[in-house]
Each structure stands twice: as C-alpha cells, then as structure tokens.
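Here is the structure we will look at.
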Amino acid sequence: MMFGGVFFKSKSTPKYWAIAGLVIIIIANCFELRSGEPFFAVDVKYMLSFNSFNLTFITVALSCTLLYFLLSGRDVEKVGANVSEYFALIFFVLCGVCLSATFNTLLILFLGIEIMSIPLYILTGSDKRNLKSNEASLKYFLMGAFSTGIMLMGIAFIYGGNSEGSFFINNISLGDGKMPELIAIGMVFIMIAMSFKVSAAPFHFWTPDVYDGAPTVFTSFMATIVKVGGFIAFIRLFENSFGKVHHQWQMLIAIIAAATLFIGNLTAVFQQSVKRMLAYSSIAQAGFMLLAIFALNDAAKEGLVLYSAAYSLATIGLFAILIKMNDYTIEGFNGLGKSNPVLAVTGTIFLLSLTGIPLTAGFQSKLFMLMAALRNGHQHWLVLFAVLCAAVSAYYYFKIIQAMFFKDAQVTETAAVEIVTDITPTFKILLVLTAGLIILLGLFPSLLTEWLHY
Amino acid sequence: MFGNDITIPHLLIFFPLIAGLITFFIKKDTSVKAWSLFSVFITLFISIASLYYRNNAALSGLTFNYEWLKYMGASFSVSLDGMGRLLTFLTAFSFPVIFIATYRNSYKNMKAFYGLMLLSQAGLMGVFLANDALLFYFFWELALIPVYFLCSRWGGEKRIAATFKFFIYTFTGSLLMLIGIIYLYLQTGGTPVSDHSFSLQAFQAVSLIPSQQNWLFWLFFIAFAVKMPIFPFHTWQPDTYEQSPTAVTMVLSGIMVKMGVFGVIRWLLPIFPLAVAKFDNVVIGLSVIGMIYASLIAIKQDDLKRLAAYSSIAHIGLMCAAIFTTRELALEGVMIQMFSHGINIIGLWIVIDLIEKQLGTRKISQLGGVAHKAPVLTIMLVVIAFANIALPLTNAFVGEFMMFGGLFRFNAWYSAVAGLSIILAAVYTLNMVQKVFYGDTNSLTDLMKEISLNEKLVLGAVVITIFIAGVYPQPFFELTKDTVAAIGTRFK
C-alpha cells in the first residue's frame, strides 16, 4: 500500500485500492465465519484464536471501515499530500485491531495494541502545518507511551506471578480464593492501560484534545473503529484470563464505568464545538460499553458487538456530515434542515441512535447492555446511574437537532453563509443507506447477533 | 410482521404510519390536507369496524402475534380488548375532529406537519394495542418523537425551551420504566426458544416479593405520572400546552395523557398488585393535592390555554385517584371519563383556537361579549364548559360520579377534599365563560365573526357526543366490561 503511492500518479487511486482490498478481506472473513474453514491455514501456534465472536467483531470493524472509506475517502485525500501513506497507516491500524480481537497470549495483545496506536500518533499529526494537530500528536504520543509502559509492567508482573511462567491468557494461575498479589497488581496495571486506550475516566484526559486537534477525518476513525477495537481486547482479556475471579474486580470496573459516564456526559453538555462535544460523547458511550465488561455474560458480548456497530455507524455518519460543515460550533448547524434536508434528517437519525431512541440500533444496543448489567445481579445502582446519564445525553444530542431544524441560519450582511460544501449525490445516498442500516438493526438486531451463533 | 392475514390492529397501526410517510412526499399543500383528512377518516372507519366485534367471538380478528426478536422473547403482539378499543376509537375519532377544526390553519412546510401528525397517530395506536412490553416501550417513545418535532417546529415563541423540558421529563421517565421492564423480563419464565419473555401475560405471571414490587412500582409509576401528569411531575405541562400549536395541544391533552392512564391500568395494576395496595394512599394523596392545586391556579390564569391546561391536570388527577382505589365502580368511571375528557378538552381547545385565530389573543382580560357576535360558538362552548364541570346530562357527569363513588367507598375524606375541585372547576370555568362570552363587547371583540360551517359541524359533533355519552353511557360500559372485570378480579 505505502509504496503504491510511488507508482500511482492519480490522487484518488489509493482510495479505490483501499476499498477493493477491504471488500476482499470482508468477504474472506464472512466466508470463514459462515463455514468455519479458513482460506489459508497458517499455523499460529495457538497465539491467535478464531471463534465466531472474534470474527463477527472483525467483520463489524472492517465493514465500518469500508463505510468510512466510502463516506470520507475524499476527505482523507484532502488532508495532505501523502495520500497513500494515510491509507496504509489505516490498514496498519486495522491489522492491530484484528490482532487485538484474536490474541491468545499477552504478547500478541501487546503487539496488537501497539500496532493500533503507533500509526494513530502519525495520523493525528498529519496536518503538519496546524499547531493544534502537532500538539495533539505529541500529547497523544507521550500519554500513549506512558500507558504502554504501564501495560508492559502489568504483563511482566503477571508473567512473574505465574507459576509456570506463561503468556497464554487462559493459563494464568489465579489461585483459590484471593488472587496472588503479583497477578492482582499486574491485572490492575493492565486495566489502567486498557482504560486509557478506550478513554475511560479517569484516564480520559487526552481524548478531547487529541480528537479535537487531529484532522476530523482521522478523529472519526479513531473515535469509532479504534475505540471499539480497544474494547474487544478489553473484554476478551478480562473474560478469558480473569473471568473466574470476576467478583473481585467487578467493583473496580463499576466505579470506572460510573465515572466515565458521569464525566463524559456532564462535560459534553457544556461544549460549544460539535467536534469536541462528540469527543466527550465518545467518552460517555465508552462508559456504556464498559457495562459489558462489568457484566461479562453472553448478553454482554452480543451487546458489545451490537453496540460497536451501532455506535460506529452513527458516529462515522455524524463525522462525515461534520467534515462538510464550514463551522464546527453548534450554531454552525443552524438552518441545516432547510438548506440540506437529507443531511439533516440522516444526521437526526444518527443522533437519535446515539441517544438510544427506539427504532434505532442505538436503542437495541443500550437495551442489550442494560439487560446484561441487570442479569449480572449486582450493583443495580450502576444501571440506574447509566440510565440517568443517558437522559443527560439526550440534552446535548438534541441541541444539534434543535439547531438543524428549529433555528434559522445566520445571515451576514451580504448573503446567507454557505453552511456546507462539497456534497455529492453519492454522499447523500450513502448517508441514507447508513441511516437505513441503523433503523434495520434497530428493528432486527438479530441480523447481527445471529452471526455470533455460527 | 403481517403473517398470513391482516388484522384490525395491523390496520390501525400501519395505515396511519404508511399514510404519514406518504405525506412527506406530497408536493401540493392542498393535496397534503386532503390526503391526511382522507386517511384519518379511513382510520376512523377501521376503528368503528373494530367496535362491532363482540367481546368473545371472533377474537382471531383482534389479536395477533408474531415472533419479532425470537431469541429475546419479544414479539410483535397486538390485541384489542375493551379498553384498547375505547382508546383507539378515541384516537381515531379525535384526529378527524382536529384536522377539520384546524383545516384553515396554514403551516410552514405543510407536508412535514401533517406527516408527523399521522406518525404520532400511529405511535398512539401502537401504545394502546401493544401486548408486549418491548413493543409497548417502542411505541411509547415513538409517539413522543413526532410530537417533540411538531411542538418545537411550529409552536409559540418559547417553544424550544418548553418542548425540551417536556422531552427530557418524559424521556427520563421512560428510561426508568425501561429498567423496570428489563428487570421484570429477567424474572419471567422462558418460552420454547428464549430464556425469558416480554409478553404481558408473562409479566403478569411473575411472582415478585413485596420489596421488589415496591421499587419496580415507582420505576413504572414515574414514567406514567410524568405523562398524565400527576403532581409533582406536572410542571412541563402548562408550558408545553401553551407553546404548542393548537392542533398538537389537542393531541397532547386529548389523547397522549391517556397513555399514562392507560399504562397504569394495563401494566401497573395487574403486575404490582401488592405495591399498588401499599402505595395507594400516597398516590391518591398526590392526585388529590394536584387536583386542588391545579384548580386554584386555574382560577388565577388569564391565558385561556393555560386555564385549560390546569383544568386538565385537575381532571387527570381525579382519574388517577380513582384508579388507585381499585374499585370496579371507579374503574368503570375512569373508562368512560378517559373518553369524555378527550372529547371535552379537544372541544375546549377548538373554541380557544377559533377565538385566537380571529382576534389574535387568548387573554381573558382582553376579551368580552363574544356571545353577541358569535351566538352559535357560544352555545357550543357553554355545553362544553358544562361538561367540563361535569353537570348532569353531560358525558363527564357519569364518569365523575362513578369515580367519586369509588373514591368515597375507599375513603370518604379523600372524596370530600377532591369534591372541592368540582366547585373550583365551576368557579374557573364559569368565570371564563362569563368574562369571555358575556358582558359588553370591546373594540377588539367587535371584530369577532360567527364561525364557519365546518367549524360548526365539528363542534356540533363534539356536543352531540357529549350528550349521547351523558344520557346513554351503557355502550361504553359494555365495551370496557372485560378490562374492568379482569382488573377487579385481581384485587378481590
């Protein structure tokens, strides 16, 4: 991919290559999921594991990336000169996502997380002449390096605490009753590092700055596919290695989830810039996804896949609209309903889905999450708290809807300002399709969750 | 979702839904109106047809079950019992009345307005028909969303803030109910394909210990109380009624508040009988406080819309108090009163809207002597006002009499205090009639003209319904007999 840029003169060629490649991977992946027969039998020495949950998740992540390319591919080209590098880096990230969805040892987990993160540092800073982009990149890199260190330390502790000295995740000696100290310390370290990657409070401080500073197209990618990639690693690790001592760390996750929900939602209320608001909203949504790790049962796993899809679809769609806007503040959306009804209506569906209104995928995924958390049987306060936070989230999501439909666009002295630029009919059709997909999943979530049972 | 045959519940939900979606694509404003009117009349016709089904016979035409989310045990299950038929008929009857009464109003972006109105009709129908908790929740929210857009787009000056308050209130309430639904769902027994089930029957079969019932009761009750609204959850209501376009206010006050009442009867009473028995005094107390409080505020109101809004709170408070007595007599009263209140309050809004359209004001202090200029309007209004006070011969008398009867048997003191609200209702209603319609005309009301023929027809229909239901309420009792009996047996 990266060298492709040397050969192709045309600027848009990498995009088409990327899309074509992605389609092939998705088809291969679906085929394997359905039949259980891989295309190439590579001996992975039990380092990776492929089951229906992992593969379904990868399919979701890849499909979302495909959609992301289709919707925002043109905007990726506008960021700078090195188009093919951008696409190549995105593919590296995808590789990391796949590794962290299938890892079977702590080493592969570490590899996956790092392959996922390092290209992102570059992508964040890809707008070289923009000071904010550089700052975000540096900040992200420093913080990310720090969390990597903590994670490595955690892995080292666990390795040391293991009687047999093994990195395999389902081979950790947890002891009877209480966990051995070394393992417990290691687990907490890994939990901190993972919380950092999925931007859970109180390790979320990098998120708004980085999301705000990065070029908007890449923010869209980071906030969706990368984030759910982090979650898949999180839940797989904690289910397979620490699932047996669930009750010992459950409270810790409950507190992290509650803090994430609280901080994300409350701070989002005060944001003026939609981009920043979406950054905080992504923190808030992460809080909801943490409920899956809190609950750790079958419903939670189904819910997490559904949540990943619902959240990614809606957020990618919203960012795709946001990129086209000339003004990123909420006022910038004023009057969009009149000038671009298609964008406004689809945007409304995305927002309703994020809020969790019935008929959208967002509702079904929240329903699954709440169901999982309640089925778990402990800590009902967390569910109540999550629901109240969801009510708060309606406040800021609906502010955008209000701006789009009920307020008029600012009119300068000469003429009405163009609210959006560069809208093609294909873009509109894609948005409508995305919105349709959200509603379809909202009506029949089993379309997606059934894949888990293959 | 249709299976092999199309039943009446299908038609009631999907006809307005599809008609509403079509409306968004009609270009000409006049055809939008004609099409919407046509579609609501078809819905009315379907609903009348449903009334002719006898309670026991031919049930196959009234219930329907489709496995919607098989592995979760949620199904698209709809059925019409007596109360369902009554309320779907109210919905089907109100929309033509509303559309005709506001036929001459013009709105910006007409197709969106009428489209959303029809969608809200579909949502309301769904709420009254759903037999499955998840489906009920779906429609409960879906009825809200179009109304939210209608109010914030076409409402008065402070519409955005008022509607937002309304939305956040109800959304929070609904989410609490959602927790309750999920919790109950996890207690239900399994079906052949799933571990649990969302169906109403399964919910009713769950045996809960008292402490579970107690907190689940409040999760559900808050959602319903916000919708009704019951003191102290009522603060969104006057603002929203005042700021909404009148056609939407009619939907809100005539039909949507019934969602709360309906929810209590359909879901709360049968599922949490112990908690209902435990908290009946609390709820009745709140309702009675709300009745007196709202009536007192109504006396001081100068804005006709706010007056009607507070009067509505008082009436709903009585219904809620009557439900929680769990006496069959009171429940029968609630049934007929749900219908009557819908008709009466819509009639009242029509009159207010006519005055506002002609004179541009709703302030009682600026009006007077309308009777000299518009005698027919005045006659209609006086009948509606009498129904609002529940004088004999009007529909509200029957219902209120029975509700007070039930309340009296429950506890005479409540009945005595609540009875004050009838006197207060007479004070504010007659005061309004006197100041607006009688006395001398002023420079503003000199401009008042008599109402047109179609407005006469609509108000005539309302007035005739008031009298029919007031003189011969028997059909209503027969219609809702099965629902009342089903509740009654659970509380014996």
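Sequence order for the protein chains is H and A.
Take 3 as the starting number for the first sequence in the numbering used here and just add one per residue.
Take 924 as the starting number for the second sequence in the numbering used here and just add one per residue.
For glycine and all other residues, C-beta sits at the position ideal for the given N, C-alpha and C.
Using alpha carbons as the reference points, say which of the options lies closest to residue i.
i: Asp351 of chain H; options: H:His382, H:Gly337, H:Leu443, H:Val385; result: Per the sequence shown, the amino acid found at residue 351 of chain H is Ile instead of Asp. The option with the nearest alpha carbon to Ile351 of chain H is H:Leu443.
i: Ile171 of chain H; options: H:Ala225, H:Phe105, H:Gly127, H:Leu144; result: H:Phe105
i: Trp1272 of chain A; options: A:Val1171, A:Pro939, A:Phe948; result: A:Val1171
i: Ser367 of chain H; options: H:Leu308, H:Ala235, H:Gln252; result: H:Leu308
i: Gly266 of chain H; options: H:Ile440, H:Trp453, H:Met291; result: H:Met291
i: His1264 of chain A; options: A:Ile1312, A:Met1040, A:Val1293, A:Ala1221; result: A:Ile1312
i: Leu1191 of chain A; options: A:Asp1363, A:Lys1379, A:Phe1147; result: A:Phe1147
i: Ile969 of chain A; options: A:Asn1028, A:Lys951, A:Phe1012; result: A:Phe1012
i: Phe191 of chain H; options: H:Pro217, H:Phe148, H:Gly215; result: H:Phe148
i: Leu353 of chain H; options: H:Ala405, H:Asn328, H:Asp329, H:His380; result: H:Ala405
i: Ala1024 of chain A; options: A:Ile1222, A:Lys1296, A:Leu960, A:Gln1357; result: A:Leu960
Are the beta-carbon atoms belonging to residue i and residue j less than 8 Å from one another?
i: Ile1236 of chain A; j: Pro1298 of chain A; result: no
i: Tyr313 of chain H; j: Trp208 of chain H; result: no
i: Pro1155 of chain A; j: Tyr1233 of chain A; result: no
i: Gly305 of chain H; j: Ala288 of chain H; result: no
i: Lys199 of chain H; j: Gly232 of chain H; result: yes
i: Ser168 of chain H; j: Ser284 of chain H; result: no
i: Leu1003 of chain A; j: Leu944 of chain A; result: no
i: Val78 of chain H; j: Val85 of chain H; result: yes
i: Ile115 of chain H; j: Gly98 of chain H; result: yes
i: Val1050 of chain A; j: Ala1035 of chain A; result: no
i: Ile1102 of chain A; j: Leu369 of chain H; result: no
i: Ile1287 of chain A; j: Leu1367 of chain A; result: no
i: Leu1098 of chain A; j: Val389 of chain H; result: yes
i: Gly146 of chain H; j: Ser102 of chain H; result: no
i: Ala1348 of chain A; j: Ser1218 of chain A; result: yes
i: Ala1408 of chain A; j: Ile1259 of chain A; result: no
i: Gly156 of chain H; j: Leu184 of chain H; result: no
Please classify residue i: does DSSP put it in a helix, a strand, or coil?
i: Ala22 of chain H; result: helix
i: Ser998 of chain A; result: strand
i: Thr107 of chain H; result: strand
i: Leu992 of chain A; result: strand
i: Thr451 of chain H; result: helix
i: Leu73 of chain H; result: helix
i: Gln1110 of chain A; result: helix
i: Lys1034 of chain A; result: helix
i: Asp1226 of chain A; result: strand
i: Leu50 of chain H; result: strand
i: Ala437 of chain H; result: helix
i: Thr1364 of chain A; result: coil
i: Ser170 of chain H; result: Before going further, note that residue 170 of chain H is Phe rather than Ser in the sequence given. Strand.
i: Asp214 of chain H; result: helix
i: Thr416 of chain H; result: Note that Thr416 of chain H has pLDDT 45, beneath the 50 cutoff, so the model's placement of it is unreliable and the number below is only indicative. Three-state DSSP puts Thr416 of chain H in coil, outside helix and strand.
i: Asp410 of chain H; result: coil
i: Asp952 of chain A; result: helix
i: Ala1297 of chain A; result: coil
i: Thr331 of chain H; result: strand
i: Ser1120 of chain A; result: coil
Listing by chain order, which chain A residues have their CB less than 7 Å from the CB of residue i?
i: Tyr397 of chain H; result: Ile1091
i: Val385 of chain H; result: Ile1102
i: Arg377 of chain H; result: Leu1109
Residues of chain H with CB under 8 Å from residue i, in chain order?
i: Leu1101 of chain A; result: Leu369, Leu372, Val389
i: Tyr1060 of chain A; result: Pro360
So which residues on chain A does residue i lean against when the C-beta distance must stay under 9 Å?
i: Phe407 of chain H; result: Phe1072, Ser1075, Arg1076
i: Pro2 of chain H; result: Here chain H comprises residues numbered 3 to 456, so residue 2 of chain H is not present and cannot be evaluated.
Mind pulling the chain A residues with CB within less than 8 Å of residue i?
i: Phe400 of chain H; result: Phe1087, Phe1090
i: Ser54 of chain H; result: Correct list: empty, because the minimum Cβ distance to chain A is about 15 Å.
i: Ser201 of chain H; result: Per Cβ cutoff of 8 Å: no residues; Ser201 of chain H is ~24 Å from chain A at best.
i: Gln404 of chain H; result: Ser1075, Ile1083, Phe1087
i: Leu73 of chain H; result: Here the premise fails: no neighbours, minimum Cβ distance about 24 Å.
Quick one: list the residues of chain H neighbouring residue i, beta-carbon separation under 7 Å, in chain order.
i: Thr1025 of chain A; result: None at all; the shortest Cβ gap to chain H is about 21 Å.
i: Phe1094 of chain A; result: Ala393, Ala396
In chain H, which residues lie with their C-beta within 9 Å of the C-beta of residue i?
i: Glu1064 of chain A; result: Ile359, Pro360, Leu361, Phe365
- Runs of alpha helix (DSSP H) lying entirely within the stretch 242-329 of chain H, each at least 4 residues, in chain order: 248-271, 276-297, 300-326
- Message: I'd like the ranges of any alpha helix (DSSP H) spanning at least 4 consecutive residues and lying wholly in the stretch 1133-1177 of chain A.
- Response: 1133-1150, 1159-1166, 1169-1173
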